[in-house]
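First up is the structure itself, then whatever we jot down about it.
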Amino acid sequence: MKSKYRLEHLDCANCALKIENHLRKQPIVRDASINFATLTLTIDTTDIDSVKSEIKKIEPEVNVIPINQIDPITKPQPTAQAIIPRQIVLASISTVLLIVFLISEPYLHDNHLFFIEIAIVLTAYILSGWSVLAAAFRTIRDRQWFNEHVLMTVATLGALAVHALEEAIGVMIFYQIGEFLQNLAVNRSRRSIRALLEIRPEFANLKSETGIQKVSPEVVKPGEIIVIKPGEKIPLDGVILDGSSNINSSVLTGESTPRSVTISDTVLSGEINMAGMLTVEVSRPFKESSVVKILDIVENAAAKKTRTEQFMSRFARYYTPAVVSLALLVAFIPPLFIPGEEFGNWIYRALVLLVISCPCALVVSIPLGYFGGIGGASRRGILIKGSNFIDALANVKSVVFDKTGTLTQGVFKVQRIVSAGSFLESEILRYAALAESHSNHHIAHSIVEAFVATGEKLDSPDIQKLQEIAGHGIVMVTSTEAIIAGNDQLLHKYAIPHQVCTVEGTVIHVAVNNQYAGYISVGDQIRDGADKAMEYLRQEGVQDIQMLTGDNEQTARVVSEALGLNGYFANLLPEDKVSHFEQIAMKIQHRGTVAFVGDGINDSPVLARADVGIAMGALGSDAAIETADVVLMTDHPSQVSEAIRISRKTKSIVLQNIIFALSIKLIFVGLGSVGVATMWEAVFADVGVAILAVLNSLRTINPEVRS
């Protein structure tokens with residue numbers, strides 16, 4: 000079973016990657032993933048104490064704390080603030096000593112005062128590099144040879160050895176300042192991401208016989224009564240017993256327009272009560288509430304890594320050893336085989352390569368970029384369950400919609416009743432309602448509602464047989480009659496002659512005692528804004544938009560033509576939708592990915608089969624949140640294009656960081672090898688590219704809103 004832990008004092012992204020790779024190799028660990036953006040370790044292990052020991056071997060400063068011992072969202076993340084003053088003070092003192100050295104060096108060098116020069120150099124070097132030297136010693140002791148601290152130590156000691164004294168001190172000073180600035184940038188990113196996740200209610204006003212008590216939401220049980228005052232977050236899901244108000248659901252759905260609620264309406268945790276006092280009966284515990292599910296999705300998303308992240312993890316594993324190997328070749332091969340070349344010059348070039356050999360910019364910025372995109376999407380009411388689905392969404396070339404509840408409102412109404420033979424319309428409706436009252440299908444509900452609206456009451460017959468056949472209809476046998484209510488195929492199955500209809504809408508044929516009674520036409524309306532949603536998809540470059548439906552050909556054609564779809568498949572059973580989806584996917588497979596959009600009801604097989612399964616209108620729907628890869632918290636189909644747009648922006652920013660960081664590093668590897676770049680320039684480039692890449696990743700957090 001997977002558990003979560005907070006990693007305190009983990010300030011190095013490359014170290015986080017090394018810890019993750021190291022843990023995955025341990026026999027006691029089945030799976031491990033570190034989210035550097037939130038400093039969270041998700042691990043499946045049988046021995047957490049041994050895991051802590053393994054982590055200490057790599058990063059002795061890191062503390063592993065169970066999530067349940069701290070507030071996973073609202074507690075401020077550990078930062079490097081405690082060591083920042085000392086870091087800056089030591090760097091400042093070292094800078095002063097460096098200036099003193101540069102001024103006095105002509106007077107102290109090569110005479111009896113040289114020991115003063117050595118004292119100034121060593122003092123400045125040790126003060127500026129103490130934390131790096133100590134970390135390098137610990138990692139060498141634990142046989143971690145390719146740690147950035149070890150590389151920086153070797154590079155600066157090498158500079159001292161070839162008498163590049165000012166560069167040894169300067170590089171260490173600028174490395175420390177750069178690390179400080181990089182930590183500031185990373186912590187700023189963490190704060191921005193954390194702000195997106197600070198939707199967790201902090202308290203609940205529990206009402207009891209003794210009055211109202213402020214308690215933690217975790218202790219409130221289903222059936223208990225809570226009070227929500229104006230301006231407070233709703234702490235738990237529940238039903239309003241008393242009061243009315245306007246509710247702001249923007250933290251869950253991304254929509255700023257408030258909705259009105261009153262007695263018997265449902266409210267969800269995380270929403271904000273804007274006006275009146277509400278008395279609410281809690282319907283489920285906090286751990287199963289809407290806000291906790293959303294936070295779990297967003298926080299766990301980082302565990303599902305993209306191919307880009309997986310590639311960069313492998314790349315980082317080999318990049319540093321490769322550059323170090325190149326540095327050794329540069330240091331020794333030319334002076335050994337090229338006459339007249341001096342070791343000192345080539346060793347200096349090798350030291351430049353060591354300075355540029357840490358892949359921190361890539362290791363830090365890529366996870367931050369993806370997680371920022373996931374957090375930014377959640378602010379818009381779009382829950383993306385993994386970084387891998389961002390890449391899949393960014394590459395979508397075809398979108399397939401289920402019709403009912405997605406492109407249409409999913410609110411069915413009886414439009415027409417046509418009788419056959421001696422049956423009256425009222426009798427047909429009564430027989431259909433008798434059978435359909437035992438079904439949970441939305442079409443069945445519309446028939447029952449139409450019958451109840453007539454003012455009559457449904458009988459309670461002695462049922463001897465009841466069978467609901469998915470995608471066909473329902474058969475009910477009582478002591479006096481046998482009723483069949485369903486589609487053409489169901490009546491064909493029972494060999495009942497009937498009228499074949501081509502009318503718009505869903506047709507439910509009714510037969511009583513093997514005699515055809517007539518049919519009921521049930522209609523649905525196209526969603527407002529569905530046409531605009533299709534237009535937005537085409538603006539995002541999605542040129543193939545298809546529809547699957549269990550409705551008849553006529554209904555499917557009307558919806559398809561109204562929305563300008565590329566094609567549709569009608570009269571489909573739930574199991575048929577998968578095979579027809581695969582037909583569409585086969586045509587697209589080498590050009591991109593195919594997304595399926597449904598409402599989470601009877602869509603599970605296709606949602607699972609799709610490259611990206613998108614559940615729409617899932618606010619409060621457990622099934623949809625469980626099944627889909629992407630969850631749209633509203634019933635607006637335009638959110639599909641928005642999810643694609645956010646994903647493409649996120650992937651674009653991640654690729655910018657990769658190209659920028661690799662280009663700078665490769666340029667300096669080349670310049671260092673030919674003796675053009677200095678160690679000063681190399682450390683500026685190494686730290687500077689990391690800071691710029693992290694700051695660029697911040698752009699993923701705030702997706703532009705379509706006007």
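Numbering (numbering that gives the first Met the number 0), first residue to last: 0 to 706. Don't be surprised by glycine CBs; every beta carbon is placed ideally from N, CA and C.
Rounded straight-line distance, which links the Cα of residue j to that of residue i
i: residue 323; j: residue 658; result: 21 Å
i: residue 244; j: residue 268; result: 15 Å
i: residue 468; j: residue 529; result: 31 Å
i: residue 138; j: residue 57; result: 7 Å
i: residue 592; j: residue 295; result: 26 Å
i: residue 61; j: residue 34; result: 14 Å
i: residue 46; j: residue 1; result: 12 Å
i: residue 335; j: residue 345; result: 10 Å
i: residue 78; j: residue 10; result: Bear in mind that the predicted position of residue 78 carries a pLDDT of just 44, short of 50, making it unreliable; the figure below should be weighed with that in mind. Distance between the alpha carbons of residue 78 and residue 10: 7 Å.
i: residue 531; j: residue 699; result: 25 Å
i: residue 590; j: residue 396; result: 7 Å
i: residue 670; j: residue 304; result: 34 Å
i: residue 325; j: residue 48; result: 39 Å
i: residue 612; j: residue 401; result: 11 Å
i: residue 216; j: residue 235; result: 7 Å
i: residue 642; j: residue 523; result: 26 Å
i: residue 565; j: residue 482; result: 39 Å
i: residue 478; j: residue 411; result: 31 Å
i: residue 679; j: residue 368; result: 29 Å
i: residue 726; j: residue 470; result: There is simply no residue 726 to check, as the chain begins at 0 and stops at 706 in what is shown.
i: residue 246; j: residue 229; result: 10 Å
i: residue 43; j: residue 451; result: 54 Å
Which of helix, strand or coil DSSP assigns to residue i
i: residue 595; result: strand
i: residue 546; result: strand
i: residue 667; result: helix
i: residue 572; result: coil
i: residue 676; result: coil
i: residue 205; result: strand
i: residue 637; result: helix
i: residue 261; result: coil
i: residue 521; result: strand
i: residue 230; result: coil
i: residue 515; result: strand
i: residue 611; result: strand
i: residue 452; result: coil
i: residue 715; result: In the structure displayed, the chain extends from 0 to 706; residue 715 sits before or after that span and is not available.
i: residue 280; result: strand
Proximity of residue i and residue j at Cβ, strictly below 9 Å
i: residue 546; j: residue 636; result: no
i: residue 254; j: residue 633; result: yes
i: residue 616; j: residue 598; result: yes
i: residue 355; j: residue 668; result: yes
i: residue 507; j: residue 518; result: yes
i: residue 279; j: residue 238; result: yes
i: residue 281; j: residue 200; result: no
i: residue 360; j: residue 656; result: yes
i: residue 376; j: residue 27; result: no
i: residue 672; j: residue 352; result: yes
i: residue 629; j: residue 382; result: yes
i: residue 580; j: residue 177; result: no
i: residue 89; j: residue 175; result: yes
Nearest-angstrom beta carbon gap, residue j and residue i [assumed within contact, 8 Å]
i: residue 288; j: residue 251; result: Actually they are not in contact, since the Cβ atoms of residue 288 and residue 251 sit about 11 Å apart, beyond 8 Å.
i: residue 316; j: residue 701; result: At roughly 33 Å, the Cβ-Cβ gap does not stay under 8 Å, so residue 316 and residue 701 are not in contact.
i: residue 505; j: residue 550; result: 5 Å
i: residue 614; j: residue 627; result: 4 Å
Opening and closing residue of the alpha helix (DSSP H) in which residue i lies
i: residue 370; result: 359-378
i: residue 343; result: 342-354
i: residue 320; result: 306-336
i: residue 386; result: 386-393
i: residue 533; result: 529-538
i: residue 708; result: This structure cannot settle anything about residue 708, because the visible part of the chain is limited to 0 through 706.
i: residue 477; result: Where residue 477 is concerned, there is no enclosing alpha helix (DSSP H), although the beta strand (DSSP E) it sits in stretches over 472-477.
i: residue 48; result: 47-57
i: residue 415; result: Note, residue 415: premise wrong, no alpha helix (DSSP H); beta strand (DSSP E) at 412-418.
Interface flag, residue i vs chain D, CB-CB below 9 Å
i: residue 410; result: In summary, chain D is missing from the structure at hand, where a single protein chain is found.
N-terminal and C-terminal residue of the beta strand (DSSP E) that residue i is part of
i: residue 29; result: 28-34
i: residue 65; result: 62-65
i: residue 210; result: 210-214
i: residue 138; result: Here residue 138 belongs to no beta strand (DSSP E); instead the alpha helix (DSSP H) covers 113-140.
i: residue 735; result: The chain is shown only over 0 to 706; residue 735 falls outside these bounds and no answer can be derived.
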